[in-house]
Amino acid sequence: MAGSLLRPGYVIPGLWDGHGHLLQYGEFLHSVDLFGCESLEDVRTRVKEYLNANPDAGSKDHWLRGVGWDQTAYGRMPTAADVEQDPLLKGKYLMLDRIDVHCVWVSQSVLDLLPSDLPEIPGGEIVRDPGMGVFCDNAMDYITKLWPKPSDEFKAKTVKTAMAKLNQVGLVGMHDAGATPSTHRLYQKLAKTDDWTVRVYGMLECDKRNSFCPDEAAQIHDPDFKFTVRSVKLFGDGALGSWGSAMLEPYTDHPWTSGSLLINASALTQVAKNPHTGKGPSAADPDLGFLPDEILSLRETLLGFTRSPAYAAFLEAKAGVIREGAFADWVVLDEPLDRLSFEDLRTLKVKETWVAGRRVYSRDDTNLP
């Protein structure tokens, strides 16, 4: 059959995301999508629509989760009262993540679980004006300690959903930027199943929020390279949109704060000066410097989603390329990328995605995700 066209299409290396959050993304797909809400009423409407479809959500044992709200669109920070004012939401347990996941907005039922004299916490903010309901950065610990943790079965379900969505857009691998040891243990189990269709390069996040735990920094090497851990995630400061990024001077639109460090300054200095755990080679190649301008060519962009994240995952020549000896990971398109306009690239649909020689997504096959 040499020289015959067996399957129509054009192949590129499988794509990698250089920074993502696998479990969080999966949980987001099973929660309220608040991205793009332009008012508090929009938020309430979406939450009620979700409740109609998921009537068991919002109880004390099964909080209603959501992500994507942004106070800059509403003119102020939201409050628990903004939820409570709707009769259909009154008494529900809600925990809604901000668009950057550096703040949570909770309902009055959740606030009632907390002591009334809640102290401030270093590296965090309890937003008290215009009212209680939002907790940012380290102050989120007050809420997450109360949140009923999902079961491993639910987590496995969300991971499967997330991977199916990633395959749909041509992603075959990702850097999972921070997961706890218990989550990594779950990943190790799931990586042995056929539902694990994305290669994951993981970063360890300590059980104690915003800390550094070198004693727990165990490397994980899967012989099939489905799940690997060779780095740690360290949180230095908060996010810009919630005024948590540590600045030299106060924010112009929030002049009473200049942000905050989420990790002790001396610990951050020590880690920055001595980043090696002693559990791997200490030598590293210098970076390639900065591009002379900010416009990336199509080739540079493709490299940024293939060879570059593969290199950062210690998988150079194995991932992000199509060559003898590399992983059999690729994406099939209807047309070559260089024939498409920029606008067409924005709406491009993947035809097929293959991982380890197995087709894990097909646009035309209803039996696949």
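In full-length UniProt numbering, the protein residues as written are 1 to 369. In this text, a Cβ means the ideal position worked out from N, Cα and C, and glycines have one as well. In this text, all values refer to a predicted model and were calculated from it rather than measured experimentally.
Q | Residue interval of the alpha helix (DSSP H) (run including V106) | A | Residue 106 sits at position 106 when you count from the first residue of the sequence shown. Element bounds for V106: not the alpha helix (DSSP H) but the beta strand (DSSP E), C103 to V106.
Q | Nearest-angstrom Cα separation, counted from V200 out to G91 | A | The residue labelled residue 91 in the question sits at position 91 within the sequence shown. The residue labelled residue 200 in the question sits at position 200 within the sequence shown. The alpha-carbon atoms of G91 and V200 are separated by roughly 39 Å.
Q. Just how far apart, CA to CA, sit L240 and A312?
A. Working through the sequence shown from its first residue, we reach residue 240 at position 240. Working through the sequence shown from its first residue, we reach residue 312 at position 312. Distance between the alpha carbons of L240 and A312 is about 26 Å.
Q: State the Cα-Cα distance for the pair S242 and R323, rounded to the nearest angstrom.
A: If you number the sequence shown from 1, residue 242 lands on position 242. If you number the sequence shown from 1, residue 323 lands on position 323. Computed Cα separation, rounded: 45 Å.
Q: Would you kindly report the start and end of the unbroken alpha helix (DSSP H) that includes D152?
A: Against the sequence shown, residue 152 aligns to sequence position 152. Start and end: D152 to Q168.
Q | Where E352 falls: helix, strand or coil (DSSP) | A | Position 352 of the sequence shown, counting from 1, holds the residue named residue 352. Strand at E352.
Q: Just confirm the distance between the C-beta atoms of E38 and A81, as a whole number of angstroms; I'd bet it's less than 8 Å.
A: One-based indexing of the sequence shown puts residue 38 at position 38. One-based indexing of the sequence shown puts residue 81 at position 81. In fact, because the Cβ distance is near 20 Å, the residues do not count as touching under 8 Å.
Q. What are the complete beta strand (DSSP E) segments, minimum 3 residues, inside the region 55-131?
A. 64-69, 94-98, 103-106 and 124-127
Q.
Short of 8 Å in beta carbon distance, which residues of its chain neighbour G9, apart from the five on each side in sequence? Order them along the chain.
A. Counting from one through the sequence shown, the residue named residue 9 turns up at place 9. Once the five neighbours on either side are set aside, the close Cβ partners of G9 are V332, L333, D334, K351 and E352.
Q: Report back the beta-carbon spacing between G66 and L96 to the nearest angstrom; my notes put them in contact at under 8 Å.
A: To locate residue 66, count along the sequence shown from 1; it is residue 66. To locate residue 96, count along the sequence shown from 1; it is residue 96. Contact holds; Cβ gap of about 4 Å.
Q: Using beta-carbon positions only, say whether D70 and R98 come within less than 8 Å of one another.
A: Walking along the sequence shown from the start, residue 70 turns up at place 70. Walking along the sequence shown from the start, residue 98 turns up at place 98. The answer is yes: Cβ separation under 8 Å.
Q. Of all the options L186, E84 and C206, which has the alpha carbon lying nearest to the alpha carbon of K233?
A. Taking the first residue of the sequence shown as 1, we reach residue 233 at position 233. Out of L186, E84 and C206, C206 has the C-alpha closest to the C-alpha of K233.
Q: Could you check how far apart the C-beta atoms of K155 and L23 are, in whole angstroms? I think they sit under 8 Å.
A: For the purposes of this step, residue 155 is taken as the residue at position 155 of the sequence shown. For the purposes of this step, residue 23 is taken as the residue at position 23 of the sequence shown. Confirmed, about 6 Å.
Q | Opposing strand residues paired with R339 [DSSP bridges] | A | The sequence position of residue 339 within the sequence shown is 339, counting from 1. DSSP lists no partner for R339.
Q.
Suppose contacts are defined by Cβ-Cβ distances below 8 Å. Is E27 in contact with T158 by that definition?
A. For the purposes of this step, residue 27 is taken as residue 27 along the sequence shown, with counting starting at 1. For the purposes of this step, residue 158 is taken as residue 158 along the sequence shown, with counting starting at 1. Yes, they are a contact pair.
Q: Would you please state the rounded distance, in angstroms, between the beta carbons of S107 and E125? I believe it to be under 8 Å.
A: One-based indexing of the sequence shown puts residue 107 at position 107. One-based indexing of the sequence shown puts residue 125 at position 125. Not quite, the Cβ-Cβ distance comes to about 19 Å (not below 8 Å), so this is no contact.
Q.
I'd like to know whether the C-beta atoms of G173 and G14 end up nearer to each other than 8 Å.
A. Within the sequence shown, the letter at position 173 stands for residue 173. Within the sequence shown, the letter at position 14 stands for residue 14. Yes; because the gap between Cβ atoms is below 8 Å, this pair is in contact.
Q: Please look up how many angstroms separate the CB atoms of W105 and P148, rounded, as I've assumed it's under 8 Å.
A: Here residue 105 corresponds to residue number 105 of the sequence shown, with the count starting at 1. Here residue 148 corresponds to residue number 148 of the sequence shown, with the count starting at 1. Not a contact, Cβ separation roughly 18 Å.
Q | Residue closest to residue 382, alpha-carbon to alpha-carbon, out of G304, W16 and W330 | A | For residue 382 there is no data in the structure shown, the boundaries of the chain being 1 and 369.
Q.
With distance defined between alpha-carbon atoms, name the residue in S109, K208, W196 and S116 nearest to D141.
A. In the sequence shown, the residue the question calls residue 141 occupies position 141. With distances taken between Cα atoms, D141 lies closest to K208.
Q. For the region 169-185 against the region 129-143, are there 3 or more C-beta pairs whose distance is under 8 Å?
A. no
Q: Using the Cα positions of P122 and F342, report the straight-line distance between them to the nearest angstrom.
A: To locate residue 122, count along the sequence shown from 1; it is residue 122. To locate residue 342, count along the sequence shown from 1; it is residue 342. Taking the straight line joining both Cα atoms gives about 46 Å.
Q | Paired residues, beta bridge with F314 - DSSP | A | Residue numbering aside, residue 314 sits at position 314 when the sequence shown is read from its first letter. Its beta-bridge partners do not exist; DSSP assigns none.
Q | Run of the beta strand (DSSP E) containing V200, from where it starts to where it stops | A | In the sequence shown, the residue the question calls residue 200 occupies position 200. Counting along the chain, the beta strand (DSSP E) containing V200 begins and ends at R199 to L204.
**Q.** Residue span of the beta strand (DSSP E) that contains R323, given as start and end
**A.** On the sequence shown, residue 323 is found 323 positions in, with the first residue counted as 1. Per DSSP, R323 belongs to no beta strand (DSSP E) and is neither H nor E.
Q: Quick one: give me the first and last residue of the beta strand (DSSP E) that G20 is part of.
A: As a first step, residue 20 is located in the sequence shown; it is residue number 20 there, counting from the start. Element bounds for G20: L15 to G20.
Q) For F227, does the three-state DSSP call read helix, strand or coil? A) Start at 1 with the first residue of the sequence shown, and residue 227 comes out as number 227. Here DSSP, grouped into helix, strand and coil, assigns F227 to strand.
Q. Under three-state DSSP, which class holds D222?
A. Taking the sequence shown and counting its residues from 1, the one referred to as residue 222 is at position 222. Here D222 sits in coil by DSSP.
Q: Name the residue from E41, Y25 and M247 whose alpha carbon lies nearest to the alpha carbon of L166.
A: Here residue 166 is taken as the residue at index 166 of the sequence shown, counted from 1. For L166, the nearest C-alpha among the options comes from Y25.
Q: Return the bridge partner residues of M247 from the DSSP annotation.
A: Taking the sequence shown and counting its residues from 1, the one referred to as residue 247 is at position 247. In the DSSP output, where bridge partners are listed per residue, M247 has none listed.
Q: Whole angstroms is fine: what's the gap from S151's alpha carbon to K349's?
A: On the sequence shown, residue 151 is found 151 positions in, with the first residue counted as 1. On the sequence shown, residue 349 is found 349 positions in, with the first residue counted as 1. Distance between the alpha carbons of S151 and K349: 34 Å.
Q. With 8 Å set as the bound, which would you pick, yes or no: does the beta-carbon of L171 sit closer than that to a beta-carbon of chain B?
A. Among the protein chains of the structure shown there is no chain B, as only one such chain exists.
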